[in-house]
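Numbering (our numbering), first residue to last: -3 to 148.
In structure tokens form, the structure reads like this:
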């Protein structure tokens, strides 16, 4: 089983006072759900819970899990609003609150997240389209601190 707190610490190193946001895209209309997509949403929920626990330990805040209607294309503009629980909330407002965004999505959010980071200099973001639970035992389980040391 992956050590999520270690992954979060090694890759993102969230600090006291920061705010994390986890995004997940949702099937709708002609964008039919798939078993892999459903697993990814469950993975996002699990990661969100682990990030909340890690935040309590480290002193950073984690916003509630945010969903938004899938764009249907990689790097397409995100919709103006997402769902924060049962409430529609402007995604841009959430981006302004966050210093760390994790997007576990079906369709890549890299381009819009890069735009967010350009407007918010203290924001860092990770777009993880098509990430799958099986990757937790392989690529995501790598020792990123050791990788960083070897690349320095």
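Virtual Cβ for every residue (Gly too), placed ideally from N, Cα, C. Computed from a predicted model, the values in this text were never measured in an experiment.
Asked                                                                                                                                                               : Found
Would you mind giving the Cβ-Cβ distance between residue 84 and residue 22, rounded to the nearest angstrom? I have them listed as a contact below 8 angstroms.     : The pair is not a contact, with the Cβ atoms about 13 angstroms apart (cut-off 8 angstroms).
I'd like the list of long-range same chain contacts for residue 55, defined as Cβ closer than 6 angstroms, with 5 residues on each side in sequence excluded.       : 12
How about residue 41 and residue 27: do their beta carbons lie closer than 8 angstroms?                                                                             : no
Name, in chain order, the residues that DSSP records as bridge partners for residue 82.                                                                             : In DSSP, residue 82 forms no bridge with anything.
Enumerated in chain order, which unbroken segments of the alpha helix (DSSP H) with a length of 4 residues or greater are wholly contained in the segment 30 to 88? : 31 to 54
Bridge partners of residue 120, per DSSP?                                                                                                                           : 96
What are the boundary residues of the alpha helix (DSSP H) that includes residue 144?                                                                               : 140 to 147
Only counting the same chain, and skipping five residues up and downstream in sequence, which positions put a Cβ closer than 8 angstroms to that of residue 90?     : 17, 59, 62, 78, 80
Counting only the same chain and skipping the five closest in sequence on each side, list residues whose C-beta sits under 6 angstroms from that of residue 118.    : 95
For residue 86, which residues in the same chain have their Cβ closer than 7 angstroms to its Cβ, ignoring the five residues on either side in sequence?            : 76, 77
Is residue 99 near residue 122, with beta carbons less than 8 angstroms apart?                                                                                      : yes
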